[in-house]
Amino acid sequence: EAQVTQNPRYLITVTGKKLTVTCSQNMNHEYMSWYRQDPGLGLRQIYYSMNVEVTDKGDVPEGYKVSRKEKRNFPLILESPSPNQTSLYFCASSSRLPGTGGWGTEAFFGQGTRLTVV
Amino acid sequence: GQQVMQIPQYQHVQEGEDFTTYCNSSTTLSNIQWYKQRPGGHPVFLIQLVKSGEVKKQKRLTFQFGEAKKNSSLHITATQTTDVGTYFCAGPGGATNKLIFGTGTLLAVQP
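Protein sequences appear in the order of chains S and H. Numbered as in this note's numbering, the first sequence ends at 124 without a single skipped number. Numbered as in this note's numbering, the second sequence ends at 157 without a single skipped number.
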């Protein structure tokens, strides 16, 4: 089954304790990205990756790191989490870049990770 | 930077009433996508519009892309309780490879 898998689904952590949220897709997609969802603000892109070893900042990258060592995996790293990073996080992938239009640009989302930083 | 706004932020309707959400971008979009997120779920792709003035239908849902390719709308005819959720529009971020989502419209349908 084609899917994007995120882990964990729920996480409560303390300020400053490094954490990693994993994301894996089995569709051989080139484009992967991370979003955070907050009430009234919609989905805001944190980082995206156009292929292995190619990553770039989205609109809210501060406090986050990513890596793309393999095509299928795109982990999100919070080196020193703070309470303002409490949010619902989604990983997404698509076959082609968003700006190319046409088939293959639709994003497939993971189930989400609800992170609470206390 | 580029912004994509949606109105209304929230709408409550009686089952059977129509519903429309509007999406407005600060810049011209090469294409626009629509997603639906059920309560507690993740966004799911609905449709993509590419051409200026394009109109597409999916059963009771009608999607429209503006002539200037800066706005779009989603209209649902005769809403049902299964239509409940948040509807997002999304478009590519200009010269970048970002995918920028709108702020979303939460639709509540009362039986």
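Ideal Cβ positions, reconstructed from N, Cα and C, are used throughout, including at glycine.
When you compare only the Cα positions, how much space is there between residue i and residue j?
i: Thr21(S); j: Val123(S); result: 6 Å
i: Tyr56(H); j: Arg84(H); result: 14 Å
i: Ser76(H); j: Arg74(S); result: 27 Å
i: Arg50(S); j: Trp80(H); result: 15 Å
i: Asp65(S); j: Gln117(S); result: 22 Å
i: Ile64(H); j: His121(H); result: Position check: residue 64(H) holds Asp in this sequence, whereas Ile was assumed. Computed Cα separation, rounded: 7 Å.
i: Cys97(S); j: Gln31(S); result: 9 Å
i: Asp44(S); j: Lys97(H); result: 31 Å
In the DSSP assignment, what are the bridge partners of residue i?
i: Lys82(H); result: Val90(H) and Tyr133(H)
i: Phe147(H); result: Ala136(H)
i: Tyr70(S); result: For Tyr70(S), which the question treats as bridged, DSSP gives no partner whatsoever.
i: Ser39(S); result: Tyr54(S) and Ala98(S)
i: Ala113(S); result: For Ala113(S), which the question treats as bridged, DSSP gives no partner whatsoever.
i: Gln60(H); result: Gln156(H)
For residue i and residue j, which I take to be in contact (beta-carbon distance under 8 Å), what is that distance rounded to the nearest angstrom?
i: Gln60(H); j: Thr111(S); result: Going by Cβ atoms, the distance from Gln60(H) to Thr111(S) rounds to 36 Å, so no, they are not a contact pair.
i: Lys82(H); j: Tyr133(H); result: 6 Å
i: Lys77(S); j: Val58(S); result: 5 Å
Where does residue i fall in DSSP's three states?
i: Asn32(S); result: coil
i: Asn77(H); result: coil
i: Gly118(S); result: coil
i: Gln51(S); result: strand
i: Thr108(H); result: strand
i: Thr142(H); result: coil
i: Thr106(S); result: helix
i: Thr19(S); result: strand
i: Gln49(H); result: coil
Since residue i meets chain S, which of its residues come closer than 8 Å, beta carbon to beta carbon?
i: Leu153(H); result: Here the premise fails: no neighbours, minimum Cβ distance about 15 Å.
i: Val96(H); result: Gly107 and Gly108
Mind listing the chain H neighbours of residue i? Cutoff is C-beta to C-beta under 8 Å, in chain order.
i: Glu112(S); result: Gln79, Phe91 and Gln94
i: Met56(S); result: Asn143
Counting only Cβ pairs nearer than 7 Å, list the residues of chain H close to residue i.
i: Phe80(S); result: Neighbours of Phe80(S) on chain H: none; closest Cβ ~14 Å, over 7 Å.
i: Leu103(S); result: Asn143
i: Ser39(S); result: Leu145
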